[in-house]
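Written below as structure tokens is the structure these notes are about.
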Amino acid sequence: KAGVTQTPRYLIKTRGQQVTLSCSPISGHRSVSWYQQTPGQGLQFLFEYFSETQRNKGNFPGRFSGRQFSNSRSEMNVSTLELGDSALYLCASSPGTGGLYEQYFGPGTRLTVT
Amino acid sequence: GNSVTQMEGPVTLSEEAFLTINCTYTATGYPSLFWYVQYPGEGLQLLLKATKADDKGSNKGFEATYRKETTSFHLEKGSVQVSDSAVYFCALYDNQGGKLIFGQGTELSVKP
């Protein structure tokens, strides 16, 4: 099976712009979660989608949003970019939702905001 | 709230040395526990997991045992290789928040 894919792998944006990141989960997986990784804050949970519904949300401002499509592919959007949004954004897919299911991560999208 | 604490790195070992990376957690109930590994420029790879007390997860020579008495999930390997050089993350699944909570990561460097 193909793994989790994320596009693009690298992005450079300017403050105030918006950005959309894409994640394609492993075939058959219905849950997609997003995490932000920074040197200062480590790995932090953004949100989880399961069957096109947001199930859980982390402690991030409303500028961060996401959605999931009927084929389980997911996108996340960040509006009005700030310098502090520079990070590695990781997507993880899972067959289901809950601690008994393993989460498989993609390679990430490296976002740089200038 | 739930949290994970890992030993600070970087950890530098010689090839074939014994590895221990300490991980302790604070949680309500008995969450599933995981170890992930991140190689430079890559995402996270699941290394092993344990879903209940006294479970031992193992993979590629790495082992970790879910100890509820000491709320620990220490990662061990009997003989490390240069190719094991990476950052290792301990994590628990927060059932209430529906998310993985990660430790800060421990960088391992193995010298030939």
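Those sequence lines, one after another, are chains A and B.
Final position of the first sequence in my numbering is 976; the numbers increase by one with none missing.
Final position of the second sequence in my numbering is 92; the numbers increase by one with none missing.
All residues carry an ideal CB built from backbone N, CA and C; glycine is no exception.
For Asn39 (chain B) and Leu27 (chain B), which I take to be in contact (beta-carbon distance under 8 Å), what is that distance rounded to the nearest angstrom? Locating residue 39 (chain B) in the second sequence gives position 59, counting from the first residue. Locating residue 27 (chain B) in the second sequence gives position 47, counting from the first residue. The distance from the Cβ of Asn39 (chain B) to that of Leu27 (chain B) is about 6 Å, consistent with a contact at the 8 Å cut-off.
Could you tell me whether the Cβ of Glu910 (chain A) comes closer than 7 Å to any Cβ of chain D? Checking the listed chains, one finds no chain D in this structure; the protein chains it contains are A and B.
Would you mind listing the beta strand (DSSP E) stretches within the stretch 5 to 43 of chain B that are 3+ residues and don't spill past its ends, in chain order? DSSP runs (the beta strand (DSSP E)) wholly in the stretch 5 to 43 of chain B: 13 to 18, 24 to 30, 36 to 39.
Pick out the complete beta strand (DSSP E) segments inside the stretch 869 to 933 of chain A, 3 residues or longer, and give them in chain order. Within the stretch 869 to 933 of chain A, the complete beta strand (DSSP E) runs of at least 3 residues are 872 to 875, 881 to 886, 893 to 900, 904 to 912, 915 to 919, 926 to 930.
Near Thr876 (chain A), what residues of its chain come up, given a Cβ to Cβ distance below 8 Å and the 5 sequence neighbours on each side ignored? The residue labelled residue 876 (chain A) in the question sits at position 14 within the first sequence. So the qualifying residues of the chain are Leu943, Val975, Thr976.
Check whether the Cβ atoms of Val90 (chain B) and Val60 (chain B) sit closer than 7 Å, and answer yes or no. Looking up residue 90 (chain B) in the second sequence gives position 110. Looking up residue 60 (chain B) in the second sequence gives position 80. Going by C-beta atoms, Val90 (chain B) is nearer than 7 Å to Val60 (chain B).
For Val62 (chain B), name the three-state secondary structure that DSSP assigns. For the purposes of this step, residue 62 (chain B) is taken as residue 82 along the second sequence, with counting starting at 1. Three-state result, Val62 (chain B): helix.
Can you give me the start and stop residues for the beta strand (DSSP E) that Lys57 (chain B) sits inside? Taking the first residue of the second sequence as 1, we reach residue 57 (chain B) at position 77. Per DSSP, Lys57 (chain B) belongs to the beta strand (DSSP E) from 55 to 57.
So, with DSSP's three-state summary, where would you put Leu945 (chain A)? Taking the first sequence and counting its residues from 1, one reaches residue 945 (chain A) at position 83. Correct three-state label for Leu945 (chain A): helix.
Span of the beta strand (DSSP E) around Ser89 (chain B): Position 109 of the second sequence, counting from 1, holds the residue named residue 89 (chain B). 86 to 91 is the span of the beta strand (DSSP E), which, as asked, contains Ser89 (chain B).
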